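Trainee: With the working numbering applied, the sequence shown covers 454 to 781.
By construction, the Cβ of each residue, glycine as well, lies at the ideal position given by its N, Cα and C atoms.
Keep in mind it's a predicted model, so treat the numbers as computed, not measured.
Structure incoming, see below.
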Amino acid sequence: MNPAEQQYTHTAVAHANIAIAKYWGKRDEQLNLPLFDSVAFGVNDLCTQTTATWSDEATEDALYIDGWHVPLQRIERMQRMMDIIRTQKGWSKKCVLQSHNAFAHSSGLASSASGAAAAAYAMSCAAGLDLSPAELSVLARHGSGSAARSIHAGWTRWRAGSQADGSDSYAVQFASPDHWPLNVFVVQLSSARKPVSSTECMKQCELSPFWQTYCAEAFAAADIAQKAVTDRNFGALAAAAHHNAMMLHALIMSCPQPVCYFEPQTIAVVQKIFKMSTAIPVCCTIDAGPNVVVLCEDIACPFVKNEIMAIGVPFIQTTIGGGTKTAA
Ligand code: PMV
């Protein structure tokens, strides 16, 4: 690297977040504006570290994930964030991103969220911009909708907003990780790339006969989830999480070109969690992928861990935390 470019380099770490009231459906695809508010928690241990370098010498923007060069046509969303910064700075510099994941990417483990949040933070700091959390959340949203929430640690709510330009569509933290220190088990059943991207599947879902019903439920979902978290009411959280995840997957399976993200072991884990949740404080959710994320209170943790181990599936045990910051 040219020594003069040192000052245009910055390294950031961001974490995945998992939604209890999910983002599904866009009011503007170009700007990644959601139809509904969503509520999620940041996850420790699932993280992406990204170094951004703005360069006059590079001939094109680039993204390397774990050393692999990602084809230019697949970094269009990253380039939207780069373009916003270029416009703000009046630059024509190219941006090179070097990214490392602590988990398999595009496997429904919300790596698009941590990836875009780490990139947004790194490229804005590398450009010498001191963005507010709201501005960072808006920038990250352009990279991946759910990344808007990864800027903050703990429990976040991404407001859909009403402005056409998306300036009021960003996430805020409403409870810190200490507010309710739940245990998290990430059951990783597949690290394969998703058969259908979230964006493509969201569009398909609008053609489902259940779409209007889903929308009617999704409208209130964030309020219900936020209240459960604020009140530390596990029963309400479990009911909200299960209803939201099952509605989402029923919708996804009912598209004209149906998609089933579940693997056989997804069902095995979900059935076990549902059964346990009638007796102990445990619940689960599933993003657009086969992996299951389990939440439980301390009192249930040893039992839940034994039960997951008995199914014989790989898992990571972690805690609520997350957020995005400069790498140590
Ligand atoms: O941010 P995207 O485009 O990868 O969409 C994420 C959608 C879900 O993970 C399924 C739900 C959510 O709110 O994170």
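Between which two residues does the beta strand (DSSP E) containing lysine 547 stretch?
Mentor: Element bounds for lysine 547: 547 to 554.
Trainee: Is tryptophan 477 near the ligand PMV, judged by its Cβ being under 7 Å from some heavy atom?
Mentor: Correct: tryptophan 477 has its Cβ closer than 7 Å to the ligand PMV.
Trainee: Mapping DSSP to helix, strand and coil, what is histidine 605?
Mentor: Three-state result, histidine 605: coil.
Trainee: What does the alpha-carbon distance come out to for the pair methionine 576 and serine 508?
Mentor: Their Cα atoms are separated by approximately 11 Å.
Trainee: So the beta strand (DSSP E) histidine 463 belongs to, where does it begin and stop?
Mentor: Unbroken beta strand (DSSP E) run through histidine 463: 462 to 474.
Trainee: So alanine 606 and proline 630 are in contact, right, with Cβ under 8 Å, and what is the actual spacing, rounded?
Mentor: Contact flag correct, Cβ pair sits at about 6 Å.
Trainee: Can you tell me where the alpha helix (DSSP H) with aspartate 676 in it begins and where it stops?
Mentor: Residues 664 to 683.
Trainee: Below 8 Å, how does it come out for the segment 469 to 477 and the segment 739 to 753: are there three or more Cβ pairs, yes or no?
Mentor: Yes: at least three Cβ pairs fall under 8 Å.
Trainee: Just the Cα atoms here: how many angstroms apart are alanine 601 and valine 492?
Mentor: In a straight line, the C-alpha of alanine 601 is about 11 Å away from that of valine 492.
Trainee: Just to confirm my understanding: we take glutamine 770, look at its own chain, exclude 5 residues before and 5 after, and list those with CB closer than 6 Å. What are they?
Mentor: Correct list, in chain order: Phe638.
Trainee: Got a sec? Which residues, its chain only, sit under 6 Å from leucine 488 by beta carbon, not counting five neighbours each side?
Mentor: Gly478, Arg480.
Trainee: Out of Asp684, Glu716, Thr609, Gln665, which one is the CA nearest neighbour of serine 644?
Mentor: Measuring from the Cα of serine 644, the nearest candidate turns out to be Glu716.
Trainee: Taking buried to mean at least 16 other C-beta atoms within 10 Å of its own C-beta, is alanine 669 buried or exposed?
Mentor: Answer is exposed; the Cβ neighbour count stays below 16.
Trainee: Measuring only the C-alpha atoms, how far is glutamine 526 from isoleucine 677?
Mentor: In a straight line, the C-alpha of glutamine 526 is about 39 Å away from that of isoleucine 677.
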